[in-house]
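Residue numbers (our numbering): 2 to 363. This report refers to the structure that appears directly beneath it.
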Ligand SMILES: C[S@@+](CC[C@H](N)C(=O)[O-])C[C@H]1O[C@@H](n2cnc3c(N)ncnc32)[C@H](O)[C@@H]1O
């Protein structure tokens, strides 16, 4: 399929904010692109290689990959046609698109064979972090069809203690999978899967997927946690320390920080999208979910008003603190009224790249 440069089918609000906002926190638009490009360059992407960008969105990374690759070597899959059009118009520019001839498909079912070619590299950044198991399986089995024994597929997913078993695309929230589950889905499709040590701007896990032989040639600096490459130190100013630390290490830091910030006997509402696996009590501090339904995490509110109602409800239940964990940082961009109220009416007693703690009383 070839590109269409005119925005014939744009259905969403126009403007830079909307197409950037749609694919994630706006303040990470540039950093995420830089990290995707740098990772693939380190994995060996050269200008004569072909690349399939799955869920390419508004060409956040495409605007770096397309100029770098030789004409015709970039393909993007994105069901939201308006995002691609906006990306072409405002991020890449029509002139570069004319010169570099990227190809796009808007197929909604992860039909990667639609491009009728194989790829040296594939990337799916922040796509499996919203996908169901059956979507991931479909994408991986299609990937197998368009990969050669030397192809590499770099992908992110949100690692958690449990596997998402729902059958709906989760957006803008996230689905989570255990690493073993994700690797198992790849194995079912005849593909190996190796966790990478590469940082992610939003705490997701990068994996390399491919033929086991190809994975065995990955640079140890990118996949062996025992090799200290200095990458963590290098990127600390970009992401803060947490972006480069393993999930378990971050969680143990979070527990210690909560004990420091919240006194014993207090009650805190936890907004972690049910990702941290924290019980109803933490060393003498009571924990509610935010939002809570019948004692369980209730999922993202329908809108800002519902989020504010939930906050009021918590205060009536005498919650003394609200803790926003990194898996839910996107809420602060999504529910602007809630964010504004927390910032303007409540004291923030701790804020870093892992958690934000607001005092709800006083
Ligand atoms: C969080 S955004 C990430 C976009 C892009 N990879 C980036 O880094 O900016 C997730 C993207 O996946 C796209 N998506 C949703 N369903 C999809 C599907 N079935 N196949 C491919 N992409 C899909 C969304 O429209 C959205 O653009």
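Glycine is no exception: its CB is placed at the ideal position from the N, C-alpha and C atoms.
- A contact is defined here as three or more CB-CB pairs under 8 Å, and the stretch 96-109 fails this definition with respect to the stretch 175-184.
- No Cβ-Cβ contact shorter than 8 Å links residue 248 with residue 40.
- Boundaries of the beta strand (DSSP E) around residue 105: 104-106.
- Separation of the CB atoms of residue 355 and residue 254 is rounded to 6 Å, and the pair is thereby assigned contact status at 8 Å.
- With respect to residue 157, residue 135 sits apart: the two C-beta atoms are not nearer than 8 Å.
- Bridge pairing for residue 207: 157 [DSSP].
- In the three-state reduction of the DSSP assignment, residue 165 falls in the coil class, being assigned neither a helical nor a strand state.
- CA-CA distance, residue 284 to residue 259, rounds to 10 Å.
- Straight-line spacing of the CA atoms in residue 181 and residue 193 works out to 12 Å.
- Assignment of residue 234 by DSSP, reduced to helix, strand and coil, places it in the helix class.
- In the DSSP assignment, residue 66 falls within the unbroken alpha helix (DSSP H) covering 63-69.
- Under the DSSP assignment, residue 255 falls outside any beta strand (DSSP E), being part of the alpha helix (DSSP H) whose first and last residues are 248-262.
- In this structure residue 202 touches residue 33 by the C-beta definition: roughly 5 Å separates them, less than 8 Å.
- Along the length of the stretch 98-142, whole alpha helix (DSSP H) runs at least 4 residues long do not occur.
- With respect to the 8 Å criterion, residue 131 and residue 85 are not classified as neighbours on the basis of their beta carbons.
- A distance criterion of 7 Å places the beta-carbon of residue 109 in contact range of ligand 1, judged by its closest non-hydrogen atom.
- Annotation for residue 269: the continuous beta strand (DSSP E) segment containing it runs 268-272.
- About 6 Å separates the CB atoms of residue 71 and residue 49; that is less than 8 Å, so the two are in contact.
- One Cα belongs to residue 360, the other to residue 275, and the distance between them is close to 21 Å.
- Remark: the C-beta of residue 322 is outside contact range of ligand 1, defined as less than 7 Å to any heavy atom.
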